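Here the working numbering is used: the first residue of the sequence shown is 328, the next is one more, and so on. Glycine included, every Cβ here is placed at the ideal spot set by N, Cα and C. Quantities reported herein were computed from a predicted structural model and do not represent experimental measurements. Down below is the structure, laid out as structure tokens.
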Amino acid sequence: MNSIPWVLHVDLDQFIAAVEVLRHPELAGKPVIVGGRGDPTERAVVSTASYEARAFGVGSGMPLRIAARKVPDAVLLPVDAEAYLEASENVMATLRAQPGAVVQVLGWDEAFVGITAEDPEAYARQIQAAVLERTQLHCSVGIGDTLVRAKNATDFGKPAGVFRLTKENWLDVMGAKPTKELWGVGNKISGRLAKLGIQTVAELAAADPPSLVPEFGPKMGPWYASLGRGDGSSTVDDTPWVARGHSRETTFQSNLTEPAQIHDAVTQLAGDVLKDVAAEGRPVIGLTLKVRYAPFTTKTHARKIPETFDRDEVLARALDLAGAIEAGRPIRLLGLRAEMAMPDDARKGHTPTRGGW
């Protein structure tokens with residue numbers, strides 16, 4: 328056998344919940360839900376849930392009060408971002424220490440690892456053992472010949488397993504799956520594909536790319552067709568990630584109903600976002616305002632702006648966006664994202680992750 332290049336996708340199993348169980352061993356085997364300040368009477372969403380809680384239908388992004396109703400005996404815990412970041416850094420350091428590994432971090436709990444190996448399954452199990460020994464955390468590993476196939480392969484390896492997806496078995500494994508199972512295709516895009524008569528991965532793989540252009544445009548149409556085939560880049564890029572933007576959002580325990588309240592909230596968000604932007608030393612080039620009306624309808628308003636470092640200018644533009652908020656509708660959440668100019672040497676995006684909201 329000859330060593331050939333492979334892409335591994337390493338995904339930590341129930342990461343946040345697993346970190347909490349390590350800190351509180353008495354929680355092992357119990358339904359654990361982490362979100363907000365751990366208080367289901369407050370407005371907050373689930374950050375993650377243990378497998379025991381997921382068995383009751385609890386998932387990330389679910390309102391905490393609904394999750395608590397689904398699992399009355401669940402242990403609810405507040406989010407502790409510093410603890411999760413520390414655990415994540417230990418995992419990523421372990422991955423980088425593996426022989427010949429090129430590591431592209433995707434988030435707290437996942438990364439691509441580029442390797443050259445005769446037996447990628449053996450290498451994957453080596454990674455799992457190293458991560459478990461150093462951090463006591465379990466991970467699943469997807470093996471692929473492209474980033475897309477490796478990412479989708481991980482789903483078949485969970486929990487704590489290994490699975491390989493390549494050009495040879497892609498359609499056998501994925502063909503009958505609904506398109507929303509693809510990395511980079513969510514409910515909205517799958518719905519638009521369905522209107523074109525495309526329900527499954529196999530149907531998307533067989534689609535003529537130009538036929539998708541009227542619906543998705545000259546860039547995204549062919550891109551979605553490529554996703555259906557599992558094609559795309561096989562390059563794992565370890566260039567340090569440079570944030571394209573920074574965002575903050577606030578869920579209000581009481582709905583905002585007055586213009587003055589909205590003005591003050593947007594002003595506060597702008598100040599918080601600009602603190603993050605200032606540390607980057609790059610100008611702001613765009614703003615997005617996220618508005619969640621009660622009970623749970625979300626809208627976004629975005630605008631490109633001339634490059635600026637001026638805090639007052641950014642605030643003024645953010646308040647201009649707030650002018651699009653529908654008068655009289657109670658607001659439960661506001662968020663603000665500032666997009667920044669990218670440096671010339673930043674990593675070029677070649678994965679299906681989508682930025683912003």
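Taking residue 669 as the centre and dropping the five residues before and after it, the same chain places the C-beta of 569, 571 closer than 7 Å to its C-beta, in chain order. With fewer than 16 other Cβ atoms from the protein chains shown falling within 10 Å of its own Cβ, residue 514 counts as exposed. The DSSP-derived three-state label of residue 383 is coil.
Residue 395 holds the alpha-carbon nearest to the alpha-carbon of residue 373 among 627, 395, 660, 352.
With a cut-off of 8 Å on Cβ pairs, the stretch 469–481 is in contact with the stretch 548–562, counting three or more such pairs. Judged by beta-carbon spacing, residue 440 lies within the 8 Å limit of residue 563, meaning their Cβ atoms are closer than that value. Between residue 408 and residue 331, the alpha-carbon positions lie close to 38 Å from each other. Nearest to residue 524 by C-alpha distance, out of 406, 353, 505, is 505. Exclusion of the five residues before and after residue 443 leaves 330, 331, 332, 333, 427 as the residues of its chain whose Cβ lies within less than 8 Å of its Cβ.
Scanning 507, 365, 417 for the CA closest to the CA of residue 393 turns up 365. Leaving aside the five residues that flank residue 417 on each side, the residues in its chain whose CB is nearer than 7 Å to its CB run, in chain order, 461, 462. Contact between the stretch 444–457 and the stretch 339–349 is absent, with fewer than three C-beta pairs closer than 8 Å.
Assigned with DSSP and collapsed to three states, residue 438 falls in strand.
Counting C-beta pairs with one atom in each stretch, the stretch 603–611 and the stretch 630–641 have three or more that are closer than 8 Å, which means they touch.
Between residue 561 and residue 473 the beta-carbon gap is near 5 Å, inside 8 Å, which marks them as a contact. In the three-state reduction of the DSSP assignment, residue 343 falls in the helix class.
At a Cβ-Cβ threshold of 8 Å, residue 662 and residue 519 do not count as neighbours. Around residue 423, the same chain offers 430 as residues with beta carbons nearer than 7 Å, after the five sequence neighbours per side are excluded. Bounds of the alpha helix (DSSP H) holding residue 481 are 474–484. If you draw a 10 Å sphere on the C-beta of residue 351, you find fewer than 16 other C-beta atoms in it, and that means exposed.
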